[in-house]
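Notes for the one structure printed next.
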């Protein structure tokens, strides 16, 4: 890691397209101006982990096969409501 000391108004050139300028120093705070190409992402250090969470791949969605239902106690057995009503009537039950 390169460590440099700069005063307000002084600049640091990084490569061909990035310039850092110290704008102001007040107590333990430094204000920087950054010139960089639009395709260069500039991110404060404390936000790096937050942004990484949003860039994680989405979990894979799995399709779960349907579970066969057994509604035999209601006399349905896959025939639907109409079949259940017909079976009930055949057994002499009165349906509304």
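Residue numbers (our numbering): 20 to 115. Backbone N, C-alpha and C define an ideal beta-carbon position, used for all residues, glycine too.
Can you grab the Cα-Cα spacing for the pair residue i / residue j, in whole Å?
i           : j           : result
residue 70  : residue 61  : 12 Å
residue 26  : residue 74  : 36 Å
residue 48  : residue 41  : 11 Å
residue 100 : residue 111 : 17 Å
residue 106 : residue 82  : 34 Å
residue 68  : residue 32  : 27 Å
residue 59  : residue 34  : 12 Å
residue 108 : residue 102 : 10 Å
Can you check DSSP and say which residues form a bridge with residue i?
i           : result
residue 114 : DSSP lists no partner for residue 114.
residue 30  : 40
residue 51  : 41
How far does the beta strand (DSSP E) with residue i in it reach, from first residue to last?
i          : result
residue 57 : Note, residue 57: premise wrong, no beta strand (DSSP E); not H, not E.
Just to confirm, are residue i and residue j a CB contact at a threshold of 8 Å?
i          : j          : result
residue 66 : residue 51 : no
residue 8  : residue 36 : Look at the range of the chain in this structure, 20 to 115, and you will see that residue 8 is not part of it.
Between which two residues does the alpha helix (DSSP H) harbouring residue i extend?
i          : result
residue 67 : 67–73
Taking 7 Å as the cut-off, is the CB of residue i close to at least one heavy atom of the ligand PLP?
i           : result
residue 105 : Inclusion of the ligand PLP in the displayed structure is not the case, the ligand content being empty and no account of it being possible.
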